[in-house]
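Only one structure is covered here, and it is reproduced in the block below.
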Amino acid sequence: MNKLALSDEILMSVDKPARYIGNEVNMVRKDPGKAAIRFAMCFPDVYEIGMSHLGIQILYDMFNQREDVYCERVYSPWNDLYKIMKEQQIPLFTLETQEPVKQMDFLGITIQYEMCYTNILQILDLSRIPLLSEMRTEEDPLVIGGGPCSYNPEPLADFFDLFYIGEGETQYFPLFDLYKSIQKQGGSRRDFLRAACKIPGIYVPSLYETSYRADGTIVAFTPKYEDVPATVQKEIQMDLTHAVYPRKPLVPFIKATQDRVVLEIQRGCIRGCRFCQAGMIYRPTRERDVQMLKECARDMLEHTGHEEISLSSLSSSDYSQLPELINYLIESKEKGVNISLPSLRIDAFSLDVMSKVQDIRKSSLTFAPEAGSQRLRNVINKGLTEEMILHGAGLAFEGGWQKVKLYFMLGLPTETKEDMREIPRLADQIARRYYEIPKEQRNGKCQITISTSFFIPKPFTPFQWAPMYEKEEYLARARVVNEEMKEQLNRKSLKYNWHEADVTVLEGVFARGDRKLGQVLLKAYQKGCMLDAWSECFDNQKWMEAFHECGVSIDFYNLRERSLDEILPWDFIDCGVSKTYLKREWQRAREEQVTPNCHIQCGGCGAARFQGGVCVEHQN
Amino acid sequence: MNIRIKFQKYGVMKFIGHLDMMRYFQKAIRRAGIDIAYSEGYSPHQIMSFAAPLGVGVTSDGEYFDIEVHSSLSSRKAVQALNETMVEGISVLEYKRLPDTAKTSMSLVAAADYLVYEKQSCRILPERIVELQEKVQQFYEGQKAVRITKQTKKREIEMDLKPLIYEMKALNLKDVQTLHDLKVKNPEILTLSEDSQRDPYPALFLKISTGSADNVKPELILEAFCRFHHLPYEDLNLQVHRLEVYANADEVPVKGERERNSYQAYLNKQKKQYRQKGMAFPQFFTLGELGKDID
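The structure is reproduced here in structure tokens:
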């Protein structure tokens, strides 16, 4: 049995010691001495969050299939352990071998959301890897980033040696082979990075330089050497049916956020909502074959013992073989398997399915109209109409449901007070639909819960040029909604939740930020900012001080409307969707024009050049 | 069909709490293909109940839980199937069939055996076993009552530990015969101090009241013991290891009149046999003894 990196005394004194001991079901054990490449795979947040992430499970499984690679896991310690590790100078370790991260060849970090950026610095710091990539030596692991936030890696450029842009299935093996061959030749870290930048999808920030105007905008972003590619093309796995998929995923001891089998049925989304980054960067939409999914589901349930399976995709209802897959899973329900179906459009089919897999009285229906008025839904290209919502809700109410959740965004481009007021009005319409059912046939009151979040423009969306607002303005918009709530006939059946806006402002800055933000991150971490996605840890005051002390303006990033000819920090990445298309969509948004989804008509976004998925399968 | 499963918990698994162990076994049962029964209703759950929760940090040779199954493999095959899907630190030892009207292990728990010893470099207990045994005697025989105040969530309560301690003695963990007598299956799981030179390795054996009525934790006794002998309990770095869990031998572990009568008859027969052999009838039965292997 492994000797643990932490003593009994430490483990007994911290919250949830199971976060730090590894040993889970399906954990991969190898002789580390026999692995030419040791890879520490990190999700920079606590264990329960990180263990729920499918991408890491896929790569963990794929890397460990290679005999010459040993991939292990690392997560952020909670702040109780962080303090102890700092005080007692205990280096951060991997869960599998419990050995220091610093001994690894690679430290791979998945970057899923902006509010984990300081956690990345915490990981590097505890691992005793210099925070700045330029300070690292041959003794340090190569620090590689991936995940959705790497589509604008610039705020993190100082801290990473390289980024992998796109889906991990395709280029990691060539990267490992390159690493081994450079090592064999006695090459250095620099030699490796210089060669790696030629692998598709690999971005080595130190090989590029940015120059800025006095107003802070970019003059030019250029490679330092002639042989370094000027643009980095995203990587994409076109054949998802024959791609790796973990049949024996790890099963944590403590309850993770996803305590179930996760089956990714497709990647990408045909809908083209203009605010949605995932809907753009994962184009074209690619389905997995239903036969493969059935086999995966069976194997994964068998090898994990999970009692629940969740279908994962951006829009499950668009998966062409959904009825077949669900019927197969419902048959396995006999063996006590629950089915969870997020991102399902509410219609007769989905209600029928849900009535079979859930307790109607307890479960709630979820709609995400995102905007209250039809006008604004047209602006964001959310193809959901009031009629569709009321029809779906009506069917559901007649089927016995009485709880509805509604999700909206405030602060969308062109939003007016009237659009905000439409939010509670729509909820009230739904409630009215409920009370149309004769009293004796319904089950007491209905519960309509409205939640709003604040819209953050993301790179590679048609809204990437849109301005954001100040914190006070966001809260004022939430108040408009709240005031209108009180005017509604069925106000007693409605409930409204909204969030603080501090985090929105920071997310906005980092989502569309540039390299100048590296110093702010460093300063914020030095001030103790960490685990910022956790409200009990988040300290806005420290962040504001960090911006102030670095002389970096939040307004520059958030309050400007970027001009269409401005060089954006992420312009060097080619994500498949062309800038021309994004500009066209931005224009159509302002004209309140809807663009049909990929099944109905090709919008000419540029992803067709990958020659697969929806671009070839649904041609009339 | 009711089944009682016995398992060991050691190594890093001692950091997994009781609720997570239950979740672990729910999944393990499915992986092993045990034909477990589910409750009715919209969110059916496995029919499973654990005997006596084990605290975080405590290792064990004798953990029990009961399940209900529709059909079963032989005990040997079921143990094998379960062990093939276990993680390091959990080993299934027994899989036994119980009478159909068996009471749950949780309701039967009456006592448990523990080993308590120092970890790593901690040297507070006397090194010589004889000396430690003397101290045990002074503590146990020398006091009419072992009074302590126990802090509960709401208030402090005075209690006498003495009637809850059925046995207490000093022993040497390095003595092979001792470990054999204690039925320690694999001594390496006791993870004695890294400094393996320590010989003798002093430990305390405790047989104490456990269960819902008069539950007492071994730590509580050690604290009282240290206080009595003016040893610094706060500095004591203890490892607690549970050896076995028992039911009262006199308790009838089944429900239903006919079953009760037939068990009572069986018990009387047993008692008679003990008398004929001139042996004292045991005060406790292990929870496992109440079941039978399936061939």
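Here the protein sequences line up with chains A and B, keeping their order. Under the working numbering, the first residue of the first sequence carries the number -15, and numbering increases by one thereafter. Under the working numbering, the first residue of the second sequence carries the number 28, and numbering increases by one thereafter. Note that the Cβ used here is the ideal one computed from N, Cα and C, for glycine as well. This structure is a prediction, so every number in the text was calculated from the model and none was measured.
Determine the chain B residues that contact residue i at a beta-carbon separation under 7 Å, and present them in chain order.
i        : result
Phe237/A : Ile43, Asp47, Tyr51
Leaving out five residues on either side along the sequence, give the residues of the same chain with a beta carbon under 7 Å from the beta carbon of residue i.
i        : result
His72/B  : Tyr65, Ser66
Gly590/A : Gly560, Val561, Ser562, Tyr565
Lys208/A : Leu191, Tyr192, Glu193
Gly320/A : Glu291
Lys130/B : Pro280, Val281, Lys282
Ala485/A : Phe438, Lys455, Tyr458, Leu459
Check the Cβ of residue i against every Cβ in chain B and list those closer than 9 Å, keeping chain order.
i         : result
Pro233/A  : Chain B residues near Pro233/A: none, gap ~12 Å exceeds 9 Å.
Leu325/A  : The premise fails here: Leu325/A is roughly 16 Å from chain B at the closest Cβ pair, so nothing lies under 9 Å.
Met(-4)/A : Phe42, Val83, Gly84
Glu8/A    : Val114
Please tell me whether residue i has its Cβ less than 9 Å away from any Cβ of chain A.
i        : result
Ala108/B : no
Pro326/B : Residue 326/B is absent from the model: chain B starts at 28 and stops at 322.
Pro214/B : no
Thr112/B : yes
Lys104/B : no
Tyr6/B   : The first residue shown for chain B is 28 and the last is 322, placing residue 6/B beyond what the model contains.
Gln224/B : no
Asn288/B : no
Gln266/B : yes
Lys36/B  : no
Lys304/B : no
Lys54/B  : yes
Quick check: is the beta carbon of residue i nearer than 9 Å to any beta carbon in chain B?
i        : result
Gly34/A  : no
Asn48/A  : no
Leu247/A : no
Ile5/A   : yes
Leu105/A : no
Gly588/A : no
Met11/A  : yes
Gln242/A : no
Glu138/A : no
Gln342/A : yes
Asn604/A : Residue placement at Asn604/A cannot be trusted, given a pLDDT of 44 that sits under 50; what the coordinates show is reported in the next sentence. No, Asn604/A lies away from the interface with chain B (no Cβ there is under 9 Å from its Cβ).
Among residues of its own chain, excluding the 5 on either side of residue i, which ones have a beta-carbon nearer than 8 Å to its beta-carbon?
i        : result
Leu617/A : Because chain A spans -15 through 604 in this model, residue 617/A falls outside it and cannot be assessed.
Gln160/B : Lys196, Ala197
Asn646/A : Given a span of -15 to 604 for chain A in the structure shown, any question on residue 646/A remains unanswerable.
Output, in chain order, the set of chain A residues within a Cβ distance shorter than 9 Å of residue i.
i        : result
Arg57/B  : Leu285, Glu286, Thr288, Gly289, His290, Glu291, Lys319, Gly320
Lys244/B : What Lys244/B touches in chain A: nothing, since even the nearest Cβ is about 15 Å away.
Residue i touches chain B at which residues, Cβ-Cβ below 8 Å?
i          : result
Ala262/A   : Ordered by position in chain B, no residue passes the 8 Å Cβ test against Ala262/A, which lies about 31 Å from the chain.
Pro1/A     : Phe42, Val83
Leu(-12)/A : Val39
Val30/A    : Going along chain B, no residue has its Cβ under 8 Å from Val30/A, so there is no contact; the nearest lies around 16 Å.
Please go through the same chain and pick out, in chain order, the residues whose beta-carbon is closer than 6 Å to the beta-carbon of residue i, but skip the five residues on each side of it.
i        : result
Tyr290/B : Val279, Val281
Tyr606/A : Lying outside -15 to 604, the shown extent of chain A, residue 606/A is not represented and no answer is given.
Leu110/A : Met69, Leu76
Residues of chain A with a CB under 7 Å from the CB of residue i: which are they?
i        : result
Pro71/B  : Gly320
Lys146/B : Asp(-8)
Tyr65/B  : Gly320
(request) Please confirm if the stretch 543 to 555 of chain A is in contact with the stretch 199 to 206 of chain A, defined as three or more CB-CB distances below 8 Å between the two stretches. (result) yes
(request) Within the stretch -1 to 86 of chain A, note down every full beta strand (DSSP E) run reaching 3 residues or more, in order along the chain. (result) 21 to 27, 53 to 59
(request) Counting only runs of 4+ residues fully inside the stretch 337 to 397 of chain A, write out the alpha helix (DSSP H) ranges in chain order. (result) 358 to 363, 370 to 382
(request) Report yes or no: do the stretch 290 to 307 of chain B and the stretch 104 to 121 of chain B share at least 3 C-beta pairs separated by less than 8 Å? (result) no
(message) Threshold first: 4 residues or longer. Then list the alpha helix (DSSP H) segments lying entirely within the stretch 272 to 314 of chain B, N to C.
(response) 284 to 303
(request) Spell out a yes or no on whether the stretch 347 to 355 of chain A and the stretch 370 to 383 of chain A are touching, meaning 3 or more CB-CB pairs, one atom from each, closer than 8 Å. (result) yes
(request) Inspect the CB distances between the stretch 131 to 140 of chain A and the stretch 87 to 105 of chain A and report whether three or more fall short of 8 Å. (result) yes
(request) Decide yes or no for the touch test of the stretch 444 to 463 of chain A against the stretch 405 to 423 of chain A: beta carbon pairs closer than 8 Å, at least 3 of them. (result) no
(request) List in chain order: all unbroken beta strand (DSSP E) runs of 3+ residues lying wholly within the stretch 136 to 164 of chain A. (result) 146 to 148
(request) Indicate whether the contact test is met: 3 or more Cβ pairs, each with one atom in the stretch 45 to 54 of chain B and one in the stretch 227 to 237 of chain B, closer than 8 Å. (result) no
(message) With three or more C-beta pairs closer than 8 Å as the rule, is the stretch 471 to 486 of chain A touching the stretch 497 to 516 of chain A?
(response) no
(request) Report yes or no: do the stretch 182 to 191 of chain A and the stretch 164 to 171 of chain A share at least 3 C-beta pairs separated by less than 8 Å? (result) no
(message) Could you tell me which whole beta strand (DSSP E) segments of length 3 or greater appear in the stretch 142 to 224 of chain B?
(response) 174 to 178, 183 to 187, 192 to 199
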